[in-house]
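**Student:** Residue numbering for the sequence shown follows the working numbering, beginning at 62 and increasing consecutively.
No residue lacks a Cβ here, since even glycine has one placed at the ideal position from N, Cα and C.
Owing to the predicted nature of the structure, the values given are computational and were not obtained by experimental measurement.
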Amino acid sequence: MKKEKLIEQLKQIVKIKGLKYTKQREIVLEVVNKSKKHLTTEEIYNHIKKKGIDQNIGIATVYRSLLFLEEVALISSITLEKGIKKYEINNETHHDHLVCIRCDKIIEFINETIENEQKNIARSYGFELMDHTMYLYGVCKDCKND
62 MKKEKLIEQL
72 KQIVKIKGLK
82 YTKQREIVLE
92 VVNKSKKHLT
102 TEEIYNHIKK
112 KGIDQNIGIA
122 TVYRSLLFLE
132 EVALISSITL
142 EKGIKKYEIN
152 NETHHDHLVC
162 IRCDKIIEFI
172 NETIENEQKN
182 IARSYGFELM
192 DHTMYLYGVC
202 KDCKND
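(1) Run through the segment 133-185 for me and flag every whole beta strand (DSSP E) of 3 or more residues, listed as ranges in chain order.
(2) Run through DSSP, which three-state label would Tyr82 get?
(3) Leaving aside the five residues before and after Glu169 along the sequence, list all residues of the same chain whose C-beta is less than 7 Å from its C-beta, in chain order.
(4) Just curious, the alpha helix (DSSP H) that Ile105 is in, first and last residue?
(5) Please classify Leu80 as buried or exposed, where buried requires at least 16 other C-beta atoms within 10 Å of its C-beta.
(6) Give the range of the beta strand (DSSP E) segment to which Gly199 is assigned.
(7) Tell me which residue opens and which closes the alpha helix (DSSP H) that Lys205 is part of.
(8) Glu104 to Ile150, Cα distance in whole Å?
(9) Between the Cα of Gly199 and those of Tyr82, Lys64, Leu141, spot the shortest distance and give me the residue it belongs to.
(10) With a Cβ-Cβ cutoff of 9 Å, do Gln85 and Ile120 count as a contact?
(11) Leu190: buried (16+ other C-beta within 10 angstroms of its C-beta) or exposed?
(12) Taking the alpha carbon of Glu87 as the point to measure from, which residue in Gln70, Thr174, Ile167 has its own alpha carbon closest?
(13) Quick one: is Leu130 buried, meaning 16 or more other Cβ sit within 10 Å of its Cβ, or exposed?
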C-alpha cells in the first residue's frame with residue numbers, strides 16, 4: 062500500500078479515536094508495510110534499531126504499537142504454533158496462507174475456486190459470509206527435503 066495513503070488512514074483513525082498521533086506508531090506501520098514477508102515483533106524492533114530510524118523506540122513501544130495497529134485493522138497477524146505472532150499489512154487483496162510448522166515460513170496464495178467454494182458452503186447453510194481467514198499448516202518443500 063502507498064505510504065502516504067496508509068499514514069493518512071492512521072492519522073484519521075487516531076483523530077476519530079481522540080488519541081495522540083505518534084511517530085512511533087507511524088514508524089512501526091511503515092516497517093510492516095515495506096516488508097515483503099511477515100514479521101515478528103522482534104524482527105520489527107531489530108529492523109528499526111538496525112536502520113537507526115528512531116533510537117527512542119523500545120520493544121514495549123513496538124508491542125503497544127502493533128496491538129493498536131491490529132486493533133484498528135491496519136495490520137493483521139498470524140499466530141504460529143509456538144505462540145509467535147507474525148504481522149503483515151492489511152491490504153485490499155484477500156489472500157490465504159500456507160504456514161510451515163518447522164521453519165515458520167508463510168506463503169500467501171489466492172485461489173478463486175477455494176473462495177467460491179467457501180461462499181457456496183456458507184450459502185448452503187443459510188449463512189451470510191462477512192469475512193474469513195484461512196491458514197493451512199504443514200511442511201514446506203525446503204523443510205521436507207531436509
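**Tutor:** In this structure, then:
(1) 136-140, 146-150, 157-161, 167-170
(2) Your numbering for residue 82 matches position 21 in the sequence shown. Correct three-state label for Tyr82: coil.
(3) Here residue 169 refers to the residue found at position 108 when the sequence shown is read from its first residue. These residues qualify, in order along the chain: His156, His158.
(4) As a working mapping, residue 105 is identified with position 44 in the sequence shown. Counting along the chain, the alpha helix (DSSP H) containing Ile105 begins and ends at 102-112.
(5) Working through the sequence shown from its first residue, we reach residue 80 at position 19. The residue is exposed, with fewer than 16 neighbouring Cβ atoms inside 10 Å.
(6) Along the sequence shown, one-based indexing puts residue 199 at 138. Residues 196-199.
(7) As a working note, residue 205 is residue 144 in the sequence shown. From DSSP, the alpha helix (DSSP H) with Lys205 extends over 202-205.
(8) Working through the sequence shown from its first residue, we reach residue 104 at position 43. Working through the sequence shown from its first residue, we reach residue 150 at position 89. Cα to Cα, the separation comes out at about 15 Å.
(9) Along the sequence shown, one-based indexing puts residue 199 at 138. Gly199 has its Cα closest to that of Leu141, out of Tyr82, Lys64, Leu141.
(10) Walking along the sequence shown from the start, residue 85 turns up at place 24. Walking along the sequence shown from the start, residue 120 turns up at place 59. Contact flag unset, no.
(11) Locating residue 190 in the sequence shown gives position 129, counting from the first residue. It is exposed - the Cβ of Leu190 has fewer than 16 other Cβ atoms within 10 Å.
(12) By 1-based counting over the sequence shown, the position of residue 87 is 26. Closest option to Glu87, Cα to Cα, is Gln70.
(13) The residue given as residue 130 occupies position 69 in the sequence shown. By the 16-neighbour rule on beta-carbons within 10 angstroms, Leu130 is buried.
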